[in-house]
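Residue numbering for the sequence shown is 337 to 720, as defined by this note's numbering.
The beta carbon of each residue, even a glycine, is placed where N, CA and C say it ideally should be.
Bear in mind the structure is a predicted one, so any value in this text is a computation, not a measurement.
As structure tokens, the structure follows; a few thoughts come after it.
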Amino acid sequence: MTVNLLDFDLEGLAGYCQQLGEKRFRAVQLFRWIHQKGARDFDSMTDLAKSLRLKLASNAHIKSLDLISQHDSADGTIKWLFDVGAGNAIEAVFIPEEGRGTLCVSSQAGCAMACRFCSTGHQGFSRNLKTSEILAQLWFAEHFLRQQRQTDDRVVSNVVMMGMGEPLQNYTELIPALRVMLDDHGYGLSRRRVTVSTSGVVPKIDALGQDCPVALAVSLHASNDTLRNYLVPLNIKYPLADLLAACLRYLQHAPRDFITFEYCMLEDVNDQDAHAHELVRLVRAQTHVDHWCKFNLIPFNPFPASGLRRSSAQRVLAFAKILTDAGLVTTVRKTRGDDIDAACGQLAGDVQDRTPISVRMAHQRLHGSTPQSSRRERATESLP
Ligand code: SAH
Ligand code: SF4
């Protein structure tokens, strides 16, 4: 079987080229062809010797993901659904904004964390994505959009690991993908423009700080352990005190950065004034350092199986005011791509729809939309 070169970061590719008897600078050339120029065909790599191109053609390939469907929102948001085999699909969402373009990337097919308010969590876990499958979402989006806009300039300026799955539960495959995003010979994104969002896998937060300290978003959603145990079951293993301590340790590796705390607003569950005051105390109790974190309040996107409701806009604003008045930088996530259900864990809305993926794909090809999806707001405005 030939190897997919999208599975390698630059070091990996250099090692692979060495096995083929090639020098490191050839790996750099090849890497740039793949990621900067979007090449998938070795014949187009004109500055590589013919002998190397032939060697590569018989030993390796550059394979993206199979596209199931694309949905374009009136606000410019684009959602792609990809087939990852064995009846699984994942999604990536592009969110264009003034002066930047953010890509929301998936890390797993499904998720094992079982957060109550998350449709992906209700769907359960299928499998980890490979490095190539994580990167293919960026590779595809970047080069598709460049072609569409007829430009050689970079289109995706920010990546958020906020699609399907818990990225830190797929650490081994995630790290090389992050490295390619940051590599100057790859996508050249600064580490503040790549965000990993986690429900709180404490040991892996520490590892990420050591290995690749990109921007960190932590899905908090609760102001005390009892509530968080209920909403984010991972909290039973890694309670708030441990999680917040890990966040502060992380900042030692990412100086002048801040942690973004995501907080999904659930009516009568975690959205009362008392919760906001408790959050202020919680954050204050950790450190005397000011401005080490920011809050991003997410209006909940309801789905029937959750049994939960979205807080009213008024409640969200009142909650935000308590945090802001206490000196905590707080933003409210705005809705993007509503008309195309452009949300992380999109297929999760199909939890009760046990239609085989092949049938769903056929349906989408015919009708151009998913049979049923839940929605989630996009979070980009408060990220670095
Ligand atoms: N697993 C990671 C990243 C993917 S989820 C994490 O949990 O952080 C990305 C964000 O969407 C998280 O903050 C998550 O809490 C939020 N989210 C999940 N389901 C949601 C829903 N139904 N409505 C609003 N936000 C949701
Ligand atoms: Fe998984 Fe994140 Fe959803 Fe929780 S919120 S179930 S960690 S994808």
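With a threshold of 16 other CB atoms inside 10 Å of the CB of residue i, please say whether the residue is buried or exposed.
i	result
Met500	buried
Ile572	exposed
His624	exposed
Leu439	buried
Gly357	exposed
Leu683	Low per-residue confidence applies at Leu683: pLDDT is 43, beneath 50, and the placement is therefore not dependable, though the value from the model is reported in the following sentence. With 16 or more other Cβ atoms within 10 Å, it is buried.
Glu713	Any reading at Glu713 needs caution, since the residue's pLDDT is 34, under 50, leaving its predicted position unreliable; the model's value is listed next. So Glu713 counts as buried.
Pro539	exposed
Pro512	buried
Ala393	exposed
Arg620	exposed
Leu615	buried
Met337	exposed
Arg617	exposed
Gly435	exposed
Ser462	buried
Thr487	exposed
Arg529	buried
Leu576	buried
Leu602	buried
Leu349	buried
Arg592	exposed
Gly351	exposed
Ser387	exposed
Asp626	exposed
Gln354	exposed
Could you check if residue i belongs to the surroundings of the ligand SAH, using beta carbon to heavy atom distance under 7 Å?
i	result
Asn735	The chain is shown from 337 up to 720; residue 735 falls before or after that span and cannot be answered.
Met337	no
Phe636	yes
Cys600	yes
Met381	no
Met517	no
Could you give the C-beta distance for residue i and residue j, rounded to a whole number, given that I count them as a contact under 8 Å?
i	j	result
Leu793	Phe378	Not covered by the structure: residue 793. The range shown for the chain is 337 to 720.
Leu518	Leu510	No, Leu518 and Leu510 are not in contact; Cβ-Cβ is about 12 Å, not under 8 Å.
Glu469	Val420	6 Å
Phe361	Leu346	Phe361 to Leu346, Cβ: 11 Å. No contact.
Arg651	Phe636	About 11 Å separates the two Cβ atoms, so there is no contact after all.
His371	Val516	6 Å
Ser442	Ile426	4 Å
Leu465	Leu342	Actually they are not in contact, since the Cβ atoms of Leu465 and Leu342 sit about 11 Å apart, beyond 8 Å.
Ile676	Ser405	No, Ile676 and Ser405 are not in contact; Cβ-Cβ is about 10 Å, not under 8 Å.
Val492	Gly446	No, Val492 and Gly446 are not in contact; Cβ-Cβ is about 25 Å, not under 8 Å.
Ser559	Glu598	Not quite, the Cβ-Cβ distance comes to about 13 Å (not below 8 Å), so this is no contact.
Ala612	Leu659	6 Å
Tyr523	Arg452	Tyr523 to Arg452, Cβ: 35 Å. No contact.
With a cut-off of 8 Å, does the C-beta of residue i fall near any C-beta of chain B?
i	result
Met337	Structure shown: chain B not included; a single protein chain is present.
Could you check what DSSP says for residue i in three-state terms: helix, strand or coil?
i	result
Ala523	Residue identity check: residue 523 is Tyr in the sequence provided, not Ala. In this structure, Tyr523 counts as coil in the three-state DSSP scheme.
Met498	coil
Lys657	helix
Phe318	Nothing can be reported for residue 318, as the shown portion of the chain is limited to 337 through 720.
Asn464	strand
Ala684	Per-residue confidence for Ala684 stands at a pLDDT of 40, beneath the threshold of 50, marking its modelled position as unreliable; no derived number is given.
Arg669	coil
Thr508	helix
Leu518	helix
Leu602	strand
Arg585	helix
Val619	helix
Phe597	strand
Arg646	strand
Val625	coil
Val652	helix
Val538	helix
At a cut-off of 7 Å, is residue i close to the ligand SF4 when judged by its beta-carbon and the heavy atoms of the ligand?
i	result
Cys451	yes
Gly313	Residue 313 lies beyond the residue range present for the chain, which begins at 337 and ends at 720; the question has no answer from this structure.
Glu502	yes
Ser535	yes
Ser555	yes
Cys304	The structure shown does not extend to residue 304, since the chain is modelled only from 337 to 720, so the question has no answer here.
I'd like to confirm something about residue i: is its beta-carbon nearer than 7 Å to some heavy atom of the ligand MG, or not?
i	result
Cys454	In the structure shown, the ligand MG is absent; the only ligands present are the ligand SAH and the ligand SF4.
Query raised in the report: In chain order, which continuous runs of the beta strand (DSSP E) of length 3 or greater are located wholly inside the segment 370-455?
Result: Whole beta strand (DSSP E) segments, 3+ residues: 402-408, 414-419, 425-433, 436-440, 444-446.
Query raised in the report: Going along the chain, which unbroken runs of the alpha helix (DSSP H) with 4 or more residues stay wholly within the segment 344-369?
Result: Here the runs fully enclosed are 346-355.
**Report entry** Inside the segment 542-568 only - beta strand (DSSP E) runs reaching at least 3 residues
**Finding:** Counting only runs of 3 or more residues that sit fully inside the segment 542-568, the beta strand (DSSP E) segments are 551-555, in chain order.
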